[in-house]
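**Q** One structure, as structure tokens, below. Some questions next.
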Amino acid sequence: MVRAARKVTSGEVPAKAEAAEPVVAPPMPAKPVPSSAKKKAPEPVRRSLGTIITVAVTSLACFVFGGLLSSPLLMGLGVLIWFTLMSPFMAAWASIGAVTGIATLGTARFMFPNVLVEPPSKFKVGPASDYPLNTVSNKWKDLFGIWIVHTDQYEGKNLIYALSAVCTHLGCTPNWLDGEQKFKCPCHGSGFYITGVNFEGPAPRPLERVGLRIAEDGLLEVDKSLKFQEEMGQWTDPASCVDVV
Ligand code: FES
Numbered sequence: 000m001v002r003a004a005r006k007v008t009s010g011e012v013p014a015k016a017e018a019a020e021p022v023v024a025p026p027m028p029a030k031p032v033p034s035s036a037k038k039k040a041p042e043p044v045r046r047s048l049g050t051i052i053t054v055a056v057t058s059l060a061c062f063v064f065g066g067l068l069s070s071p072l073l074m075g076l077g078v079l080i081w082f083t084l085m086s087p088f089m090a091a092w093a094s095i096g097a098v099t100g101i102a103t104l105g106t107a108r109f110m111f112p113n114v115l116v117e118p119p120s121k122f123k124v125g126p127a128s129d130y131p132l133n134t135v136s137n138k139w140k141d142l143f144g145i146w147i148v149h150t151d152q153y154e155g156k157n158l159i160y161a162l163s164a165v166c167t168h169l170g171c172t173p174n175w176l177d178g179e180q181k182f183k184c185p186c187h188g189s190g191f192y193i194t195g196v197n198f199e200g201p202a203p204r205p206l207e208r209v210g211l212r213i214a215e216d217g218l219l220e221v222d223k224s225l226k227f228q229e230e231m232g233q234w235t236d237p238a239s240c241v242d243v244v
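Taking numbering that gives the first Met the number 0, I'd label the letters of the sequence shown as residues 0 to 244.
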């Protein structure tokens, strides 16, 4: 050691340092490529909004009509179209659209409530000459729920009036029995004379009259918005009947 120090001091280079080779780094190993990256990922299928709507509507239509027509084939076709042509993304959007559409239709339906179309309360029933004395006409019973009666048996007056075809017991529709000259209720057996006055069964009061008058054109006109009850003394009202002279 002392000798080497002397050599350095004297300017001599050690023999070992003269023989040293430059160090060369080994080449880097190749970076392994993941197997998944080697395969090219398939391009996602892109469809336009129009295609999505068409597919959704077609499959839903097949499914719904298949259900209505009880056709499993058509329903199966709808399911097949849906799952074959719809990607999950499309299916999600189509489902959202379908739910939104149904909710919108339900709301729109709510805005238009059911309308019950009833026959008018005022209507013409022809001239008085169409109704002979002591007859009951069933002509308007089914459509308007009234009989036109022409009789002289109520207080001896020759009258035409319109009787309501509603039993005063529980609201059934009686029948006019021409042979027995009475109205008979099929529900609990109430009976009414041609005048409308009750005489048998549980009905507590006579049938009701509705409004009747001779219109400007000479025809009889019924007004069902007007009601006249015998027990209330309303059959004396001129609007409840037509005097035949
Ligand atoms: S409803 Fe007519 S007798 Fe009962």
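All C-beta atoms in this analysis are idealised placements derived from N, C-alpha and C, irrespective of residue type, glycine included.
Could you say which of Val-54, Leu-115 and Pro-131 lies nearest to Gly-96 if we only look at CA atoms?
**A** Residue mapping note: residue 96 aligns to position 97 of the sequence shown, counting from 1. Closest option to Gly-96, Cα to Cα, is Val-54.
**Q** Buried or exposed for Glu-179, going by 16 or more other Cβ atoms inside 10 Å?
**A** Walking along the sequence shown from the start, residue 179 turns up at place 180. The residue is exposed, with fewer than 16 neighbouring Cβ atoms inside 10 Å.
**Q** Name the residue from Ile-145, Lys-140 and Asn-137 whose alpha carbon lies nearest to the alpha carbon of Leu-225.
**A** One-based indexing of the sequence shown puts residue 225 at position 226. Here the closest residue by C-alpha is Ile-145.
**Q** Would you mind listing the beta strand (DSSP E) stretches within the region 161-243 that are 3+ residues and don't spill past its ends, in chain order?
**A** DSSP runs (the beta strand (DSSP E)) wholly in the region 161-243: 174-176, 181-183, 197-199, 208-213 and 219-227.
**Q** For a test of your reading of the model: does the CB of Gly-155 fall under 7 Å from any non-hydrogen atom of ligand 1? Yes or no.
**A** To locate residue 155, count along the sequence shown from 1; it is residue 156. No; taking the cut-off as 7 Å, the Cβ of Gly-155 has no heavy atom of ligand 1 nearer than that.
**Q** Within this structure, are the beta carbons of Ser-189 and Pro-205 separated by less than 8 Å?
**A** Counted from its first residue, the sequence shown places residue 189 at position 190. Counted from its first residue, the sequence shown places residue 205 at position 206. Contact: no.
**Q** Would you be able to state if there are at least three C-beta pairs under 8 Å between the region 111-120 and the region 159-166?
**A** No, the region 159-166 does not touch the region 111-120.
**Q** Any idea if Glu-199 is buried or exposed, counting beta-carbon neighbours within 10 angstroms, 16 or more meaning buried?
**A** Mapped onto the sequence shown, residue 199 falls at position 200. Result: exposed.
**Q** Determine whether the beta carbon atoms of Glu-154 and Val-196 lie at a separation below 8 Å.
**A** Position 155 of the sequence shown, counted from the start, is the residue given in the question as residue 154. Position 197 of the sequence shown, counted from the start, is the residue given in the question as residue 196. Their beta carbons are not under 8 Å apart, which means Glu-154 does not touch Val-196 by this criterion.
**Q** Looking at ligand 1, does it come within less than 7 Å of His-187, judged from the CB to the closest heavy atom?
**A** Stepping through the sequence shown from its first residue, residue 187 is reached at position 188. Yes, the beta carbon of His-187 sits closer than 7 Å to at least one heavy atom of ligand 1.
**Q** Kindly indicate which three-state DSSP category Phe-143 falls into: helix, strand or coil?
**A** Counted from its first residue, the sequence shown places residue 143 at position 144. Residue state, collapsed to three classes: helix.
**Q** Answer yes or no: the CB of Pro-205 versus the heavy atoms of ligand 1, is any distance below 7 Å?
**A** Along the sequence shown, one-based indexing puts residue 205 at 206. No.
**Q** DSSP three-state call for Phe-111: helix, strand or coil?
**A** Stepping through the sequence shown from its first residue, residue 111 is reached at position 112. If DSSP states are grouped into helix, strand and coil, Phe-111 belongs with coil.
**Q** Under the rule that 16 or more other beta-carbon atoms within 10 Å means buried, what is Glu-215, buried or exposed?
**A** As a position in the sequence shown, residue 215 is number 216, starting the count at 1. So Glu-215 counts as exposed.
**Q** Between which two residues does the beta strand (DSSP E) harbouring Val-116 extend?
**A** If you number the sequence shown from 1, residue 116 lands on position 117. Val-116 -> no beta strand (DSSP E), and no H or E assigned at all.
**Q** Any heavy atom of ligand 1 closer than 7 Å to the CB of Met-176?
**A** Taking the sequence shown and counting its residues from 1, the one referred to as residue 176 is at position 177. At residue 176 the sequence reads Leu, which differs from the Met that was named. The answer is no for Leu-176.
**Q** According to DSSP, is Ser-136 helix, strand or coil?
**A** Counted from its first residue, the sequence shown places residue 136 at position 137. Strand.
**Q** Any heavy atom of ligand 1 within a distance shorter than 7 Å of the CB on Ala-202?
**A** The residue labelled residue 202 in the question sits at position 203 within the sequence shown. Yes, the Cβ of Ala-202 comes within 7 Å of a heavy atom of ligand 1.
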